[in-house]
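Number of protein chains: 4
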Amino acid sequence: MTRATASARPPGRPRSGVNAVVFAATLSAVHELGYARATVDRIAAAAGVAKTTIYRRWPSKGELVVDCLLDAFGPVPLEGAGRAELMSSAVRWIAAKISEPGVGDAFAGVFSDAVSDPALRKVLSARLQEPYRVALREALGEPDGRVLFFIDVVVGTLLHRMGMTGEPMVEADVAELVEMVVPHFGGDAGTAEGVSRGSR
Amino acid sequence: MTRATASARPPGRPRSGVNAVVFAATLSAVHELGYARATVDRIAAAAGVAKTTIYRRWPSKGELVVDCLLDAFGPVPLEGAGRAELMSSAVRWIAAKISEPGVGDAFAGVFSDAVSDPALRKVLSARLQEPYRVALREALGEPDGRVLFFIDVVVGTLLHRMGMTGEPMVEADVAELVEMVVPHFGGDAGTAEGVSRGSR
Amino acid sequence: MTRATASARPPGRPRSGVNAVVFAATLSAVHELGYARATVDRIAAAAGVAKTTIYRRWPSKGELVVDCLLDAFGPVPLEGAGRAELMSSAVRWIAAKISEPGVGDAFAGVFSDAVSDPALRKVLSARLQEPYRVALREALGEPDGRVLFFIDVVVGTLLHRMGMTGEPMVEADVAELVEMVVPHFGGDAGTAEGVSRGSR
Amino acid sequence: MTRATASARPPGRPRSGVNAVVFAATLSAVHELGYARATVDRIAAAAGVAKTTIYRRWPSKGELVVDCLLDAFGPVPLEGAGRAELMSSAVRWIAAKISEPGVGDAFAGVFSDAVSDPALRKVLSARLQEPYRVALREALGEPDGRVLFFIDVVVGTLLHRMGMTGEPMVEADVAELVEMVVPHFGGDAGTAEGVSRGSR
DNA sequence: TCGTAAGCGAGACGGTACGTCTGGTCTTTAC
DNA sequence: GTAAAGACCAGACGTACCGTCTCGCTTACGA
Chain S
1 MTRATASARP PGRPRSGVNA VVFAATLSAV HELGYARATV DRIAAAAGVA
51 KTTIYRRWPS KGELVVDCLL DAFGPVPLEG AGRAELMSSA VRWIAAKISE
101 PGVGDAFAGV FSDAVSDPAL RKVLSARLQE PYRVALREAL GEPDGRVLFF
151 IDVVVGTLLH RMGMTGEPMV EADVAELVEM VVPHFGGDAG TAEGVSRGSR
Chain Z
1 MTRATASARP PGRPRSGVNA VVFAATLSAV HELGYARATV DRIAAAAGVA
51 KTTIYRRWPS KGELVVDCLL DAFGPVPLEG AGRAELMSSA VRWIAAKISE
101 PGVGDAFAGV FSDAVSDPAL RKVLSARLQE PYRVALREAL GEPDGRVLFF
151 IDVVVGTLLH RMGMTGEPMV EADVAELVEM VVPHFGGDAG TAEGVSRGSR
Chain U
1 MTRATASARP PGRPRSGVNA VVFAATLSAV HELGYARATV DRIAAAAGVA
51 KTTIYRRWPS KGELVVDCLL DAFGPVPLEG AGRAELMSSA VRWIAAKISE
101 PGVGDAFAGV FSDAVSDPAL RKVLSARLQE PYRVALREAL GEPDGRVLFF
151 IDVVVGTLLH RMGMTGEPMV EADVAELVEM VVPHFGGDAG TAEGVSRGSR
Chain E
1 MTRATASARP PGRPRSGVNA VVFAATLSAV HELGYARATV DRIAAAAGVA
51 KTTIYRRWPS KGELVVDCLL DAFGPVPLEG AGRAELMSSA VRWIAAKISE
101 PGVGDAFAGV FSDAVSDPAL RKVLSARLQE PYRVALREAL GEPDGRVLFF
151 IDVVVGTLLH RMGMTGEPMV EADVAELVEM VVPHFGGDAG TAEGVSRGSR
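Protein chains in written order, with full-length UniProt numbering: chain S, 1 to 200; chain Z, 1 to 200; chain U, 1 to 200; chain E, 1 to 200.
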């Protein structure tokens, strides 16, 4: 085994590092124009890149935005003393992310496109939901169904507020959201008597 | 003053009763094709009506769908012995409605469109959210903010599930949703000590 | 017979008379920019018309140009005392048409596109060649094969000159072309001994 | 004679014999897909060569095809007893070449492209027409104008037939072409009145 | 019974975005 | 220096949809 089995590096001109620039341009365009009017052409122009370059990397506008969100979110911060703190920090983290300029719009935008586009829906759930679901499942020790329900509640609530008002949820309401979900999902393992008293 | 206060009747040819047909065609088209591909042309064709007729009655596709949903929902059923039962029945009612073929897709669809369209957002919140907010406020005796939060949680969760999976939320999860919100919003007036213990 | 059997008029908004405007814009654009760079977008803009309007009427750029040429050519002038005069005037007519600004370029352009596009080739031969072939066949009393050959020689020669030099054929060469084809196709019926001595 | 007469040899790595391969791939691609869809990418792939290699050797698709045709044609065969036979053999030679698979399509294709591209037109006339014009002028002893006209007629006719029908001109029509041009250009110097006009 | 006001069907039209394709250039690595 | 591989740019193409507009026709009411 001389030179490593895995390809040393693919031949041809390597891709230039435009992903970050495109992501920034995407968020900025979505923030300023809204999801629907954030044209691929406009994003390309803002990023100083040809449209073909974008379509070479992402097969559709939807997938571009999904990757963009993935990049914007990064991994869930799962530090925290107990379950309560852990859940609380996760909720506050996603709420903060969705509040960032462009992110909430972009999220709601792809989400809405995905409603009518099964292919995009698959991408959305596989790329954007799956990793967090897995991470949360391991951190909380809850079955998949519960974790998915947790995500539905938290993200759904935040997006609904965003969609209805055009503004991200204010701090006080995020706090109430935390107060609602933490007890339900078992405030603190060991102390709470009704952990996962859900019917499942 | 003899002639009645409300205008006896507007001049010109009265509108024929096509609204119901258009609503049905809309839901059916959305159910079969998804929101985005449920073209106004297609809806018109399915309803056996000219596109002009639709645009004479509704200024945009979004408002058509809003009216369609309004028609599909009807008033909230607010019967129920106590607060708990009342909230529970409201949650189950909206969950059932969103499960009806086409309704969930249509709801998620307009909702998504509204993200990038402030005008539609205004319509959505004024026509589709307002009436239920008022009804719930009076039935529950909670301040506006709490009621809005309640709606965000319930509807947001249901729509997120619908958008992510393409399927309405199953009964077991609806039950869990009830179990989560009812205690939080004050299980039963009078007995519960922590009614609206929320931070507001 | 009260109202005439033939449909009084089709329903819907009648087409506005944009054809002529589009034809003019097409020739002008082709003349100024050449066939390839005479974009449909540019033609539409020059005609003050939406691109969709063009694509509603003509399925492709090629067919638009074919119709444009058809409009520019008009019917063959088949007056003339004898066969010789008739042929001569036809040759000079097509030579003059091809010399008009834009026409030659447009002709050579579609022609070239048709080489790689069987569908366009069919349109070209059916719409642009057929009528003239029929008219010439009846005027000259020659079999189809001979008429097609006549067209190949005359149009082919003129286009080849145009394509090679970028300029239409000068008068002297057109005269030589006439001198070549007229004797070959039977100078004048009755007098010429070798009328259509061809074997077809 | 050890060192060869001219240039010992250019420095650097000698070009491998890819020209022939590319020419073959070009003709084959054009034959199978038509000129327009015979992409440079596809030609490169078919030749097992990188696109860069093609663009290093030929500055544009047009020039590649011109060289390809030059290679396919080779020199005009100018043997023949008298003028008539000489012209006849030249016509039949070019007709046969244009009938070869891919050659006619390629010729018509570049020709068409040249209409909108002055640079390509220059190349076309300088590389593809000039040598034959010179050879014919010396062989026939006609002035340049006449020779160019001869080429316009013969090549124009053959290409027009090819472009309109998609098929090369059949033998019978080639014969008629010969019968038309030979007398016009002076069948046999001074003597022959009707050289081989009845050959069909 | 006629005029006015509006509803309605059919479809053209403007505008705008999407995603695809191509020609041609540039960058990197390997020989 | 030549070649392979492929990223990149610029920009045209054809399609889809929305919402508006233009017609001709029909239905109602009121004078």
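The C-beta atom is built at its ideal place from N, Cα and C for all residues, glycine as well.
Taking only beta-carbon atoms, is residue i less than 9 Å away from chain E?
{"i": "G186 of chain U", "result": "no"}
{"i": "F149 of chain U", "result": "yes"}
{"i": "V155 of chain U", "result": "yes"}
{"i": "L177 of chain U", "result": "yes"}
{"i": "D41 of chain U", "result": "no"}
{"i": "S199 of chain U", "result": "The predicted position of S199 of chain U is uncertain, since its pLDDT is 37 and thus under 50; no value can be drawn from it."}
What did DSSP end up calling residue i once you bin it into helix, strand or coil?
{"i": "T39 of chain E", "result": "coil"}
{"i": "W93 of chain S", "result": "helix"}
{"i": "R9 of chain Z", "result": "coil"}
{"i": "A50 of chain U", "result": "coil"}
{"i": "D117 of chain U", "result": "coil"}
{"i": "G139 of chain Z", "result": "In the sequence under discussion, the amino acid at residue 139 of chain Z is Ala, which differs from the Gly named in the question. Helix, per DSSP."}
{"i": "A126 of chain S", "result": "helix"}
{"i": "A81 of chain E", "result": "coil"}
{"i": "R15 of chain S", "result": "coil"}
{"i": "G156 of chain E", "result": "helix"}
{"i": "F149 of chain E", "result": "helix"}
{"i": "S60 of chain Z", "result": "coil"}
{"i": "G109 of chain S", "result": "helix"}
{"i": "G163 of chain S", "result": "helix"}
Residues in its own chain within less than 6 Å of residue i by CB, not counting five upstream and five downstream?
{"i": "G109 of chain U", "result": "Y35"}
{"i": "P101 of chain U", "result": "H31"}
Within the same chain, show all residues whose beta-carbon is closer than 7 Å to that of residue i, passing over the 5 residues directly before and after it, in chain order.
{"i": "F107 of chain Z", "result": "L69, I98 and L159"}
{"i": "D71 of chain U", "result": "F23"}
{"i": "Q129 of chain S", "result": "I151"}
Is there at least one Cβ from chain Z nearer than 9 Å to residue i's Cβ?
{"i": "Y35 of chain S", "result": "yes"}
{"i": "D105 of chain S", "result": "yes"}
{"i": "S60 of chain S", "result": "no"}
{"i": "V181 of chain S", "result": "yes"}
{"i": "A114 of chain S", "result": "yes"}
{"i": "F111 of chain S", "result": "yes"}
Cutting at 8 Å between CB atoms, please list the residues of its own chain near residue i, excluding the five before and the five after it.
{"i": "residue 241 of chain U", "result": "With chain U covering only 1 through 200, there is no way to say anything about residue 241 of chain U."}
{"i": "P168 of chain E", "result": "A95, I98, S99, G104, L158, R161 and M162"}
{"i": "V21 of chain Z", "result": "A47, G48 and V49"}
{"i": "D117 of chain S", "result": "G62"}
When the cut-off is 9 Å and only beta carbons count, does residue i lie next to chain S?
{"i": "A119 of chain Z", "result": "no"}
{"i": "A38 of chain Z", "result": "yes"}
{"i": "I98 of chain Z", "result": "no"}
{"i": "E63 of chain Z", "result": "no"}
{"i": "G102 of chain Z", "result": "no"}
{"i": "A108 of chain Z", "result": "yes"}
{"i": "A72 of chain Z", "result": "no"}
{"i": "A50 of chain Z", "result": "no"}
{"i": "T165 of chain Z", "result": "yes"}
{"i": "G145 of chain Z", "result": "yes"}
{"i": "L124 of chain Z", "result": "yes"}
Determine the chain S residues that contact residue i at a beta-carbon separation under 7 Å, and present them in chain order.
{"i": "G80 of chain Z", "result": "Chain S residues near G80 of chain Z: none, gap ~20 Å exceeds 7 Å."}
So which residues on chain Z does residue i lean against when the C-beta distance must stay under 7 Å?
{"i": "I46 of chain S", "result": "The sequence given here places Ala at residue 46 of chain S; Ile does not occur at that position. None at all; the shortest Cβ gap to chain Z is about 17 Å."}
{"i": "L159 of chain S", "result": "G156 and H160"}
Against residue i, what residues of chain Z qualify as contacts under a CB-to-CB distance less than 9 Å, listed in chain order?
{"i": "residue 203 of chain S", "result": "No information on residue 203 of chain S is available, as it lies outside the stretch 1 to 200 that chain S covers here."}
{"i": "S28 of chain S", "result": "Those do not exist, as S28 of chain S stays about 15 Å from chain Z at its closest Cβ, beyond 9 Å."}
Quick one: which chain U residues come within Cβ less than 9 Å of residue i?
{"i": "G141 of chain E", "result": "Per Cβ cutoff of 9 Å: no residues; G141 of chain E is ~17 Å from chain U at best."}
Pull up the CB-CB distance for residue i and residue j, whole angstroms please, since I reckon it's below 8 Å.
{"i": "A135 of chain S", "j": "V66 of chain S", "result": "Contact flag wrong, Cβ pair sits at about 17 Å."}
{"i": "residue 201 of chain S", "j": "R83 of chain S", "result": "Any answer about residue 201 of chain S is impossible in this case: the structure gives chain S only from 1 up to 200."}
{"i": "A29 of chain E", "j": "A38 of chain E", "result": "4 Å"}
Under 8 Å between beta-carbons, which chain S residues line up against residue i? List them in chain order, please.
{"i": "R133 of chain Z", "result": "Under the 8 Å cutoff, chain S gives no residues; its nearest Cβ is about 10 Å from R133 of chain Z."}
Closer than 9 Å, CB to CB, is residue i near chain U or not?
{"i": "D67 of chain E", "result": "no"}
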